[in-house]
Amino acid sequence: MGAKMLAEAMGMKALLYANWERLELAEVPEPQPKTGEVLIRVGHVGICGSELECVVQRHPRRKPPLIMGHEFAGTVVALGEGVANLSVGQKVAVNPFVVCHTCRWCRLGKSNICERRQLMSMHRPGAFAEFVAVPAENCHPLPDHADTRLGAMVEPVANAVHAVRLTGQVLPKRVVVFGAGPIGLVCAQVAKAMGAGFVVVVEIAPERLAVARQFADAVINPAETDFLTEVQALTDGEGFDLALDAVGRSQTRRMAVDAVHPTGVAVWVGLHDDETSLSGMGIVYGEKRVQGSYAYTDDDFAMALQLVVGGRVEVASWVQEFPLDEGVEVFWQLARGEARHIVKALLRP
3 MGAKMLAEAM
13 GMKALLYANW
23 ERLELAEVPE
33 PQPKTGEVLI
43 RVGHVGICGS
53 ELECVVQRHP
63 RRKPPLIMGH
73 EFAGTVVALG
83 EGVANLSVGQ
93 KVAVNPFVVC
103 HTCRWCRLGK
113 SNICERRQLM
123 SMHRPGAFAE
133 FVAVPAENCH
143 PLPDHADTRL
153 GAMVEPVANA
163 VHAVRLTGQV
173 LPKRVVVFGA
183 GPIGLVCAQV
193 AKAMGAGFVV
203 VVEIAPERLA
213 VARQFADAVI
223 NPAETDFLTE
233 VQALTDGEGF
243 DLALDAVGRS
253 QTRRMAVDAV
263 HPTGVAVWVG
273 LHDDETSLSG
283 MGIVYGEKRV
293 QGSYAYTDDD
303 FAMALQLVVG
313 GRVEVASWVQ
323 EFPLDEGVEV
333 FWQLARGEAR
343 HIVKALLRP
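Per my numbering, the sequence shown starts with residue 3, numbered consecutively.
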């Protein structure tokens, strides 16, 4: 058997989204890097809430059979033809968005809304596997002191970087973050890292509130206290300059708009609910701004990497890792709400 045939015959373990509501640990062919691509041995890969939701709700954008996993880092083990900017043995964090660079939005620097964007774990195979082939241009080298556990958290942090940067060059002084899940926790830290003077996190789950207290100046549990009364007390009656909703429910979106003062900005990051009703008069009279935030650009990803590896965004204390062999069980525990003690799960192939 020739070298090429031997390589194609090799298999690897993967967490396969095999059919609607069915995940399984499977043996699948090991990918081979095409021109301009590299083969990555996956070191760590995060389980994203969007992946949990798509399996539970049978989201049509992720169609089985599919290997999911878009928050990942690993080691380059093979180079496709034409790759000169990376070397075998190099550790990298991978931006999972593959963009065209030529559409209107890419030319305007908004590659996150590229007309032809493809997401690994949705349109292309993801990293719930031992190996994944990715475009070399999507790889961001990790410094020697950073492991792939940190590298896998760059993608969630990039979402927060993008959301905060949308508010402009000068970050507002007072910031409120809704949700102390992974995105909410990194939003709070990114806001601090980018100059916020006072950050408050809103959450109802006691386990997550405990984690949020590490990074916030104050927390609010709206299940135990009147939310707007707390907002007034914490902001000297003025309201917040910026609200970041990392939950995406109708209720939290409305709360975000209510929490900011006139001329304040409410940024919607979470994707839970499709429709949300708002009081238009309050937005108009107060000249409030409601801003959507979707994913990130490659520049956001690069900044997120620097924040994570530089220790300005801390993730190690609240991330738990599991072997890929336990991936099916961990995935379903998270999807069914049976693992509230796990804030963020990483799989280790």
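Note that CB positions come from ideal geometry on N, CA and C, so glycine has one too.
### Message
Using the Cβ count rule (16 or more neighbours within 10 Å means buried), how would you classify ILE206?
### Response
exposed
### Query
Should the region 83-98 be regarded as contacting the region 139-148, the criterion being three or more beta carbon pairs within less than 8 Å?
yes
### Task
Take VAL159 as the anchor and find which of GLY294, ALA195, THR104 has the nearest alpha-carbon.
ALA195
### Query
beta strand (DSSP E) containing LYS93: first to last residue?
93-96
### Message
Taking 7 Å as the limit between beta carbons, can you name the residues of its chain near GLU26, skipping five residues before and five after?
### Response
LEU18, ALA20, VAL330
### Exposure label - LYS6; buried when at least 16 CB within 10 Å
In this prediction, LYS6 has a pLDDT of 47, which is less than 50 and means its spatial position is unreliable; what the coordinates show is noted afterwards. The residue is exposed, with fewer than 16 neighbouring Cβ atoms inside 10 Å.
### Message
Using 8 Å for Cβ pairs, my map puts PHE242 next to VAL177. What's the rounded Cβ distance?
### Response
6 Å
### Query
What separation, rounded to the nearest whole angstrom, lies between the Cα atoms of ALA248 and VAL30?
35 Å
### Message
Can you tell me whether VAL269 is buried or exposed? The criterion is at least 16 other CB atoms within 10 Å of its CB, across all chains shown.
### Response
buried
### Query
In or out: THR299 buried (at least 16 other Cβ within 10 Å) or exposed?
buried
### Bridge-paired residues (DSSP) for ILE69
LEU18
### Task
Count the C-beta pairs between the region 340-349 and the region 38-55 that are closer than 8 Å, then say yes if the count reaches three, no if not.
yes
#### Entry: 7 Å CB neighbourhood of TYR296 in its chain, flanking five on each side removed
ASN114, ILE115
### Message
At the level of alpha carbons, what is the spacing between ASP301 and LEU110?
### Response
13 Å
### Task
Return the Cβ separation of ARG63 and MET12 in integer angstroms, given the expectation that the two are a contact with Cβ distance under 8 Å.
Actually they do not touch by this definition, with Cβ atoms about 30 Å apart.
#### Entry: Beta-ladder partner(s) of LEU349, from DSSP
VAL47, PHE324
### Message
Which of the three DSSP states is assigned to ASP276 in this structure?
### Response
coil
### Query
The beta strand (DSSP E) spanning HIS263 covers which residue range?
262-270
### Query
For GLY197, which residues of its own chain have a beta-carbon under 6 Å away from its beta-carbon, when the five flanking residues on both sides are left out?
LEU173
### Query
What do you reckon, are the CB atoms on GLU226 and ARG342 nearer than 7 Å?
no
#### Entry: Cβ-based neighbour list, ARG126, same chain, cut-off 8 Å, excluding 5 preceding and 5 following
VAL100, GLN120
### Task
Classify HIS61 as buried or exposed, calling it buried when 16 or more other Cβ atoms lie within 10 Å of its own Cβ.
exposed
### Query
Is the Cβ-Cβ distance between GLY82 and GLU39 less than 7 Å?
yes
### Query
For GLY71 versus PHE130, is the C-beta spacing smaller than 7 Å?
yes
#### Entry: ARG176, enclosing alpha helix (DSSP H) - first and last residue
Run containing ARG176: none in the alpha helix (DSSP H); it sits in the beta strand (DSSP E), 176-180.
#### Entry: Cβ neighbour criterion (16 or more within 10 Å) applied to MET3
Confidence at MET3 is low in this model, with a pLDDT of 37, below 50, so its placement is unreliable and the value that follows should be read with caution. Exposed is the call here.
### Task
Using the Cα positions of THR150 and VAL292, report the straight-line distance between them to the nearest angstrom.
36 Å
### Message
Does GLU53 pass the burial test, meaning 16 or more other C-beta atoms within 10 Å, or should it be called exposed?
### Response
buried
### Task
Output yes or no for whether 7 Å exceeds the beta carbon distance between LEU41 and VAL85.
no
### Query
Who are the near neighbours of VAL58 in its chain, counting only those whose CB is closer than 7 Å to its CB and skipping five residues on each side?
ALA337
### Contained alpha helix (DSSP H) runs [length at least 4] in the region 90-164, N- to C-terminal order
106-109, 150-153
### Message
GLU240 and HIS274 - do their beta-carbons sit closer together than 7 Å?
### Response
no
### 6 Å CB neighbourhood of TRP320 in its chain, flanking five on each side removed
VAL213, VAL345
### Query
Expressed to the nearest angstrom, what Euclidean distance is found between the alpha-carbon atoms of GLU232 and ILE222?
7 Å
### Task
From the DSSP output, read off the bridge partner residues of GLY76.
VAL44, VAL94
### Query
Who are the Cβ neighbours of VAL192 in its own chain at under 7 Å, not counting the five residues just before and after it?
VAL159, ALA162, VAL163, VAL166, LEU309, VAL315
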